[in-house]
Each structure stands twice: as C-alpha cells, then as structure tokens.
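Numbering-wise, the sequence shown is residues -26 to -1, 1 to 302 according to mature numbering (1 follows the signal peptide of the UniProt record, and there is no 0).
One structure below.
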Amino acid sequence: AVPAAPAKPAPAMAAAAMPAMPAAPAAPAIPPVPPIPAIPAVPAIPAIPAVPAIPPIPAVPAAPAGAQSYHFEHNISLSRDGQRSGYALVHANKENITVSAAYPDLSKIESARRIVKGDFIWFRDGDKAYLIQDPAAIAKADEAWAAVNRIGEKMDAQGKKMDAQGQVMDALGRQMDKLGRDSEGKAQFDTDRQQRLIERVARQQEAVGRRIEQAARELGDDPTPEKLRRFHERQAALQAEMAPLQSQIEKAQRDMAPQLAKIQAMQEPMSALSKQMSEAGKPMAELGRAMGELGREQAKASREAERTMKELIKEALKSGKAVPAPSA
C-alpha cells in the first residue's frame, strides 16, 4: 500500500502581532511671548544751573527834605500871590534878614535897607508900607525869632552830617555800579550761550522720547513675535540717538561750570560793598529822623514867632510907632 503522505503542518492562523506604534511626540510648547519690556523713561533733562544773579545796587536813601546846607538866619517865606500883608525884620549890621512877604515886596524891602539907617521892621498892610524902628519892638521880634534861628543852626549842622554821609553812600553806589557792569559782561554772555545750547538739546531729547512712546503704542496689547522684533530694533535705534544728546548736555554743563564759578567770585566783592552800603545807611536813617524832629520843632517855633510879629505890628499901628515907609 502506498504510504500516506505526511500531513503538512497547519499554517499558523494568527499572524505575529505588529509592534505598537510609538506615540507621536508631543508638539513642543510654544514659548510664551516675552513680556514687552518697559519703555525706558526719557532721561530727565538735567536742571540747568541758574546763573547767580548779581545783587541789585541798593538805592542810596534820599536825604529828607531840607538836608541841604541851611542858613536859617535868613528866615524867608515868600508868596507869589498878592497876600494882604507882609513884613521883614532887618538889621543894619547883618546881612541876615527875616522875611514873610510876597515877591513884589522884596524890591521895596531892599529899597528901605538902602535908605533907612539902623535896624527896623518893614511891613505892609494892604497897599500901604510902614516902618517900626522902636528898639523895644525890634528886641522883642529878635527874641521871637531867636528860637527859630537856634533850631536852624542845629538843622544846618545836621544837614552837613547828612551831606557827608550821603557822599560816602554815593561813592559806594558808584563802586557797585561799576562792579555790576564789569561782572555782567562776557561771563553772563557765555553762560547764556551754554544755557541756550542745553535747552535746544533738551528739546531734541523730548522729541526722541515721544518717538519711543509712539513705537510702544503701535506695538499694541497682543504683539506678534515679528512686531516685537521690529519694536526692539526701533527702540535700540532711538536709544542710540538719545545717547549723544545726553553727552552734549553733560559737556555743556561742564563748560558752564567755570563761568558760574567766575560769576560767583565776582559776587564776593559786590556782597562786601552791599554790606558796607547797608551799614552806611544806618546813620543816614538816624540823621534823617533827627532832622525830621528838628523840622517839627522849628515849625512850631516859627508859628509862635509869626504870632509875636503880628501882635507887634498891630500894637505899633495902634500906638503910632509905625510910620510910613520911605519910597525910593
């Protein structure tokens, strides 16, 4: 018998399992957009050092009225209008004269001085002129005006003191004026020029700062990487523009420093003169106060003397001691 063919091995029904597919690698995380860098503040414009002002020259205090030379023995009160009355106290051996009259009376008084011998009182009542030559009346008039003359002598001495002190202050004022003109020249011009340069460069800095701010506004709230790149490039360029401007300001300030020091040095003698002027003004103030007091005393004494003269004239007319004045 034919031997049976050996049986073929049964083919494996299940195919070998496929190896597992590796998991797709996770997509790399998108790096977060870097925060927008803070916009650098525009460098503060350095304060421009102020040029020290040269102190003003203090005015020389004005001497109070009447501080000029006085000769109060000449008590003269003149009126331009045709006042009702006037008088003059005249001494033959003195140049001094006491007058209270209108301008037209002066020629008549002078005429009487040439004609009349001895001391007399000339007076006018309306349009009539009279003379009093009574010694007692003249002595009483002299006594009335003596107090006025004594005060006048004091005022004359006080006025001379004020005049001397005024000359001291005037000399100081001239020195201060000259020093002020000298110190305000070239040094002031140079510092003004440097200040103008600093101000001009500062305005350029402000313009660059505004451009940086504008670039930041254009970036927006959600910038793309490309926008960020362009912003950084523009910011770097603008900051590069800012750097030389800052250098110019610093150089101008360094150049200005010697001029400021020079002006400061010039101020030292001016300050010394100002102090001297202040000290010189103190006695002037006291002299003026004393002069004012003497003036008030003299005004009071003059009013009393005027009353005495009016009484003398009234009494002379009543008693007949007043006679018509001679005409030229």
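Ideal Cβ positions, reconstructed from N, Cα and C, are used throughout, including at glycine.
No experiment lies behind these values; they were computed from the predicted model shown.
| Query | Result |
| --- | --- |
| Per-residue burial, D79 [other beta carbons within 10 Å of its own, 16 or more giving buried] | buried |
| Whole alpha helix (DSSP H) elements within the region 78 to 155, 4-residue minimum | 79 to 89 |
| R98, buried or exposed, once every other Cβ within 10 Å from all chains shown has been counted against 16 | buried |
| Anticipated Cβ contact below 8 angstroms, A226 with I172, distance rounded | 5 angstroms |
| Span separating the alpha-carbon of Q178 from that of E224 | 14 angstroms |
| Anticipated Cβ contact below 8 angstroms, Y104 with A254, distance rounded | Contact doesn't hold; Cβ gap of about 52 angstroms is too wide. |
| Distance CB(L153)-CB(M251) smaller than 8 angstroms | no |
| With 16 other Cβ atoms within 10 Å as the buried cut-off, status of A39 | Per-residue confidence for A39 stands at a pLDDT of 40, beneath the threshold of 50, marking its modelled position as unreliable; the derived number appears in the next sentence. Exposed, by the Cβ-count rule. |
| Alpha-carbon spacing of E285 relative to A86, whole angstroms | 22 angstroms |
| CB contact flag (G60, A75, <8 angstroms) | yes |
| Check whether Q149 and P257 have beta carbons under 8 angstroms apart | no |
| Inter-residue Cα distance where the pair is A115 and Y77 | 22 angstroms |
| Straight-line Cα distance separating A275 from D137 | 25 angstroms |
| Cβ separation of E278 and A118, assumed to be a contact under 8 angstroms, to the nearest whole Å | 7 angstroms |
| Per-residue DSSP class, three states only, for T198 | coil |
| Proximity to Q213 [Cα-Cα], best of G100, R281 and V182 | V182 |
| Whole-angstrom C-beta distance between Q272 and M230, which should lie under 8 angstroms | 60 angstroms between Cβ atoms; not a contact. |
| With 16 other Cβ atoms within 10 Å as the buried cut-off, status of G100 | exposed |
| Selection from K68, R88, E260 and Q107 that minimises the alpha carbon distance to L291 | Q107 |
| Residue span of the beta strand (DSSP E) that contains P298, given as start and end | A296 to P298 |
| Proximal residues to A66 (C-beta, below 6 angstroms), its chain only, five neighbours per side dropped | G92 and D93 |
| Distance between R155 and E242 (C-alpha atoms, nearest Å) | 15 angstroms |
| Environment of Q188 [buried if 16+ CB atoms lie within 10 Å] | exposed |
| CB of L261 within 8 angstroms of CB of Q141, strictly | no |
| Backbone secondary structure at A214 - three-state DSSP | helix |
| Residue from I83, K68 and P197 whose Cα sits closest to the Cα of S301 | I83 |
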